[in-house]
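Written out below as structure tokens is the structure these notes cover.
In the working numbering, the protein residues as written are 8 to 267.
Here is the structure:
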């Protein structure tokens with residue numbers, strides 16, 4: 008009835024008249040054929056009531072059950088006689104019947120393109136292949152537990168050989184990381200490199216273009232962009248580049264009491 012009412016909104020005047028099926032044999036046969044076909048669609052979603060509601064607008068007589076069907080049917084769509092699950096960020100997902108689930112999991116997990124992946128990855132791969140059923144994650148987990156190859160080859164949890172030592176900075180610009188980027192396409196003025204400074208506390212980034220990457224250029228950047236603006240850092244984190252290993256930069260850091 009809801010679908011009929013929606014269709015009737017496009018007409019100025021509508022009259023609903025009941026015709027007994029004995030007097031409307033052709034329409035009765037067509038309605039029975041449609042009902043028979045849609046009952047063959049996947050039942051894994053509790054499909055019967057939902058399919059009847061989507062195709063005929065028929066709801067269960069129980070009010071609570073009818074409300075559940077209405078709420079759940081919002082997630083589904085019938086397109087070209089196929090039942091699909093709506094996806095928020097991808098294509099429509101084909102609803103899979105219960106009897107087809109084992110074959111589908113086997114093909115994706117260990118078929119031509121399978122790699123004996125874990126349960127979570129298997130479930131994600133199923134949805135990326137545009138398939139869906141309500142117990143997907145549960146079935147994927149159960150299937151993986153029975154896979155001998157995965158159980159033998161999976162990565163066992165490993166603890167680090169020593170405790171992790173976090174790099175902590177207590178105040179802004181007490182610790183800065185410096186690095187160079189390039190060669191880059193030549194910009195106006197001839198700059199082909201960039202120098203970056205990242206504050207370990209705030210993650211603030213300072214950057215500047217460079218024509219050359221000598222120690223003197225690094226010192227000029229530190230003076231202009233860090234020391235005169237944010238103060239003298241306590242620690243500079245540098246890599247082993249020649250610009251950072253020279254005596255010129257070492258003397259500069261020693262002069263201002265900067266560890267590096």
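Note that the Cβ used here is the ideal one computed from N, Cα and C, for glycine as well. Note that the coordinates shown come from a computational prediction; the quantities given were computed from them, not determined experimentally.
Practice task
Would you be able to state if there are at least three C-beta pairs under 8 Å between the region 103-117 and the region 145-156?
Solution key: yes
Handout entry: Length of the line joining the Cα atoms of residue 159 and residue 122
Key = For the purposes of this step, residue 159 is taken as residue 152 along the chain shown, with counting starting at 1. For the purposes of this step, residue 122 is taken as residue 115 along the chain shown, with counting starting at 1. C-alpha separation (whole angstroms): 13 Å.
Exercise for the section: Answer with buried or exposed for residue 19, where buried requires no fewer than 16 other C-beta atoms within 10 angstroms of its C-beta. Expected result: Indexing the chain shown from 1 puts residue 19 at position 12. Taking all protein chains shown into account, residue 19 has fewer than 16 neighbouring C-beta atoms within 10 Å of its C-beta and is therefore exposed.
Exercise for the section: Closer than 6 Å by C-beta to residue 253: which residues in its own chain qualify, once you throw out the five before and the five after it? Chain order, please. Expected result: For the purposes of this step, residue 253 is identified with residue 246 of the chain shown, where counting begins at 1. Taken in chain order, the residues that qualify are 222.
Handout entry: Between the CA atoms of residue 187 and residue 207 - distance to the nearest angstrom
Key = As a first step, residue 207 must be located in the chain shown, where it is residue number 200. As a first step, residue 187 must be located in the chain shown, where it is residue number 180. Cα-Cα distance, rounded: 17 Å.
Practice task
Taking only the alpha-carbon atoms, compute the straight-line gap between residue 132 and residue 84 and give it to the nearest angstrom.
Solution key: Translated into positions along the chain shown, residue 132 becomes position 125. Translated into positions along the chain shown, residue 84 becomes position 77. Just so you know, the alpha carbons of residue 132 and residue 84 end up roughly 22 Å apart.
Practice task
Return the Cβ separation of residue 213 and residue 233 in integer angstroms, given the expectation that the two are a contact with Cβ distance under 8 Å.
Solution key: Stepping through the chain shown from its first residue, residue 213 is reached at position 206. Stepping through the chain shown from its first residue, residue 233 is reached at position 226. Indeed, because the Cβ distance is near 7 Å, the residues count as touching under 8 Å.
Practice task
Determine the direct distance from the alpha carbon of residue 247 to that of residue 197, and round the result to whole angstroms.
Solution key: Position 190 of the chain shown, counted from the start, is the residue given in the question as residue 197. Position 240 of the chain shown, counted from the start, is the residue given in the question as residue 247. Rounded to the nearest whole angstrom, the C-alpha separation of residue 197 and residue 247 is 26 Å.
Practice task
Determine the direct distance from the alpha carbon of residue 106 to that of residue 125, and round the result to whole angstroms.
Solution key: The residue given as residue 125 occupies position 118 in the chain shown. The residue given as residue 106 occupies position 99 in the chain shown. Computed Cα separation, rounded: 22 Å.
Exercise for the section: Would you list the one or two residues that DSSP bridges to residue 188? Expected result: Here residue 188 is taken as the residue at index 181 of the chain shown, counted from 1. Looking at the DSSP assignment, residue 188 forms a beta bridge with 201.
Problem - residue 265 classed as buried or exposed, judged by whether at least 16 other C-beta atoms fall within 10 angstroms - result: Start at 1 with the first residue of the chain shown, and residue 265 comes out as number 258. Buried: at least 16 other Cβ atoms inside 10 Å.
Exercise for the section: Kindly indicate which three-state DSSP category residue 249 falls into: helix, strand or coil? Expected result: Position 242 of the chain shown, counted from the first residue, corresponds to residue 249. The answer is helix: DSSP assigns residue 249 an H, G or I state.
Exercise for the section: Hey, could you find the ends of the alpha helix (DSSP H) residue 124 is sitting in? Expected result: For the purposes of this step, residue 124 is taken as the residue at position 117 of the chain shown. No alpha helix (DSSP H) contains residue 124, which DSSP labels as neither H nor E.
Practice task
Rounded to whole angstroms, what's the CA-CA distance from residue 120 to residue 139? Just pull it up for me.
Solution key: Counted from its first residue, the chain shown places residue 120 at position 113. Counted from its first residue, the chain shown places residue 139 at position 132. Answer to the nearest angstrom: the Cα atoms are 19 Å apart.
Practice task
Take residue 42 and list the residues in its own chain whose beta-carbon comes closer than 7 Å to its own, dropping the five residues that flank it on each side.
Solution key: Here the question's residue 42 lines up with position 35 in the chain shown. Confidence in residue 42 is poor, its pLDDT being 41 and thus under 50, which makes the residue's placement unreliable; the coordinate value appears in the next sentence. Excluding sequence neighbours, residue 42 sits near nothing in its chain.
Problem - Counted within 10 angstroms of its Cβ, other Cβ atoms place residue 56 as buried (16 or more) or exposed - result: Here residue 56 refers to the residue found at position 49 of the chain shown. Buried, because 16 or more other Cβ atoms sit within 10 Å of the Cβ of residue 56.
Exercise for the section: Just the C-alpha distance for residue 217 and residue 143, rounded to the nearest angstrom, thanks. Expected result: In the chain shown, residue 217 corresponds to position 210, counting from 1. In the chain shown, residue 143 corresponds to position 136, counting from 1. Their Cα atoms are separated by approximately 55 Å.
Problem - Entirely enclosed alpha helix (DSSP H) segments - the region 88-149, minimum 4 residues - result: DSSP runs (the alpha helix (DSSP H)) wholly in the region 88-149: 108-117 and 126-135.
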